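Chemist: My structure is below; once you've seen it, I'll send some questions.
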Amino acid sequence: MNRRTLLSSLGLLGASTLSARWGLARLARSSAPDSPLSAEAQALVDKAWEGVDPARMVDCHVHLVGLGTDGTGCYVNPRTDQFLRHPHTYLKFSIYRHAAGVEDGEHPDRQYRERLLSLLKTPPMRGRALVLAFDYLHDEAGKPQPSLSEFHTPNDYVLKLAQDNPQHVLAGASIHPYRPDAVDELERVAALGARAVKWLPNAMNIHPGSPRCDAFYRKLTELKMPLITHAGEEQAVEAEDAQALGNPLYLRRPLDAGVKVVVAHAASLGSSEDLDKPGTAVDNFQLFLRLAQEERAKELLHADFSALTQNNRCGEPLRGLLTREDLHSRLIHGSDYPLPAINILIRTGMLEDLGYITSDERRALNELDRHNPLLFDFVLKRTLAVHKDGKTYRFPASAFMLPEGLLRGV
262 MNRRTLLSSL GLLGASTLSA RWGLARLARS SAPDSPLSAE AQALVDKAWE GVDPARMVDC
322 HVHLVGLGTD GTGCYVNPRT DQFLRHPHTY LKFSIYRHAA GVEDGEHPDR QYRERLLSLL
382 KTPPMRGRAL VLAFDYLHDE AGKPQPSLSE FHTPNDYVLK LAQDNPQHVL AGASIHPYRP
442 DAVDELERVA ALGARAVKWL PNAMNIHPGS PRCDAFYRKL TELKMPLITH AGEEQAVEAE
502 DAQALGNPLY LRRPLDAGVK VVVAHAASLG SSEDLDKPGT AVDNFQLFLR LAQEERAKEL
562 LHADFSALTQ NNRCGEPLRG LLTREDLHSR LIHGSDYPLP AINILIRTGM LEDLGYITSD
622 ERRALNELDR HNPLLFDFVL KRTLAVHKDG KTYRFPASAF MLPEGLLRGV
């Protein structure tokens, strides 16, 4: 997508001021400068790595997306390329593509994959990434519905990437529990090295509190495979008609089945019905905090804090997690890549205004932002601080190291 097309899209959406000021290269970054880091930026990187064992550092929320070129089997809904009929979706995915460094019209899947691997392998970045597959939306009969799905990334594509890059990539499968072969597929991917299962109920039409999921939950428990599932409102992927499926309290069912559950983004957007007081809407983050205190959740429930530095989450959810030291041992690092490469989602100026970072830290972070979005995301979260009642709260080094036994076989 060229600059002129993007500007036209933004104008159609009533964002002409934004487009004139920023442009595509400012909305999302696709490449890093060749110059080395400044002394100030390198010092912030070194400080971020203090206490973090790179061998245990795993980014547990990394997306792999493609168009199906080069035999990957990936799928993106055609409406993402229909500017006139779906301008908002077109714009959104154009920004995602640019953020992921995809400019090659013939081999976009390869370019996405190679850029991700480059970001993981290039010093001073260290550690590994749990790269996630993404199943289709399925109907109530368990049949895939591509026309209703925004994208699909096959399990085999992610498994092969992990097999080819074992020092840098772990495989996260995605299996819709309504599929007739759901349990069989779970056994298959586990045998091939899958470490976790990823769901986005709002976008996949999954009710986590339904008895239909029980057989799948039993197999997850048997295989010691965690479920990484979105909770709360979903905005990055089309899910407007099914936001109720993101109710954090629905996750009581897998917890009761003994499943280890990682709540993506700590359910930090929107509100849902309070199942304990029907008819009452409660903030999803508060429902997550309630769930985290329940006895059933004590040894099983975790949360990844991916996306919490974004403009729409960096208020109470971010501040709340930073100051809840009793929950820090249950936090899991995740970037939600490629979203950290989208400038308009994470504004360091806002984070400075809110008191999370200093002006000097902001300048160094902006430099890291231009070099490597994965490194930027990690260092930013290690740098964040809340000063309250004479005490300083930060995410501890342990929150960036994978808990033993969380991922299957790791």
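Quick note, our numbering runs 261 ahead of the 1-based positions in the sequence shown.
Each residue gets a CB set at the ideal place from its N, CA and C atoms; glycine is no exception.
Predicted, not measured: the structure shown is a model, and the values here were computed from it.
With 16 other CB atoms within 10 Å as the buried threshold, where does Leu422 fall?
Modeler: That one is buried.
Chemist: Any idea what DSSP makes of Glu367, helix, strand or coil?
Modeler: If DSSP states are grouped into helix, strand and coil, Glu367 belongs with coil.
Chemist: Once you ignore the five residues that flank Ile470 on each side, which residues in its own chain have a CB closer than 6 Å to its CB?
Modeler: Position check: residue 470 holds Gly in this sequence, whereas Ile was assumed. Answer for Gly470: Tyr511 and Arg514, listed in chain order.
Chemist: Sort His468, Val450 and Gly334 by Cα distance to Ala503 and report the nearest one.
Modeler: Per the Cα distances, His468.
Chemist: Going by C-alpha to C-alpha distance, which of Ala518, Leu530 and Pro487 sits closest to Gly507?
Modeler: The option with the nearest alpha carbon to Gly507 is Leu530.
Chemist: Grab me the residues of Arg387's own chain with a C-beta within less than 6 Å of its C-beta, minus the 5 sequence neighbours each way, in chain order.
Modeler: Same-chain partners within the cutoff: Pro315.
Chemist: From Phe566 to Leu345, what does the alpha carbon distance come to, in whole angstroms?
Modeler: C-alpha separation (whole angstroms): 36 Å.
Chemist: Please list, in chain order, all residues of the same chain as Gly332 whose beta carbon is under 7 Å from its beta carbon, the five residues on each side excluded.
Modeler: Cβ neighbours of Gly332 beyond the five flanking positions: none.
Chemist: Skipping 5 residues on each side, what residues in its chain have a beta carbon closer than 7 Å to that of Met662?
Modeler: So the qualifying residues of the chain are Val313, Asp314, Arg317 and Met318.
Chemist: Can you grab the Cα-Cα spacing for the pair Asp307 / Phe477, in whole Å?
Modeler: If you take the alpha carbons of Asp307 and Phe477, they lie about 43 Å apart.
Chemist: Which one of Asp597, Asn573 and Ile605 has the shortest CA to CA distance from Leu635?
Modeler: Closest option to Leu635, Cα to Cα, is Asp597.
Chemist: Going by the beta-carbon positions, is the gap between Leu569 and Leu579 smaller than 8 Å?
Modeler: Cβ atoms of Leu569 and Leu579: closer than 8 Å.
Chemist: Helix, strand or coil for Val419, going by three-state DSSP, please let me know.
Modeler: In this structure, Val419 counts as helix in the three-state DSSP scheme.
Chemist: Out of Glu311, Leu615 and Leu629, point me to the one whose CA is closest to His648's CA.
Modeler: Nearest of Glu311, Leu615 and Leu629 to His648, Cα basis: Leu615.
Chemist: Between Arg591 and the rest of its own chain, which residues show a CB-CB distance below 6 Å, the 5 nearest in sequence each way excluded?
Modeler: His563, listed in sequence order.
Chemist: Using only the alpha-carbon positions, how far apart do Ala646 and Arg585 sit?
Modeler: Rounded to whole angstroms, Ala646 to Arg585 spans 13 Å at the Cα level.
Chemist: Quick check on this structure: which residue in Ile356, Asn572 and Leu550 has the alpha carbon closest to the alpha carbon of Asp587?
Modeler: Residue Leu550 is the option with its Cα nearest to Asp587.
Chemist: Based on the DSSP output, what are the partners of Thr490 in its beta bridges?
Modeler: According to DSSP, which records beta bridges pairwise, Thr490 is partnered with Trp460 and Val524.
Chemist: Since Asp396 contacts Met486 with CB under 8 Å, what's their CB separation in whole angstroms?
Modeler: That pair is no contact at about 15 Å.
Chemist: Taking the C-alpha atoms as reference points, what is the distance between Leu325 and Val430?
Modeler: Roughly 11 Å separates the two Cα atoms.
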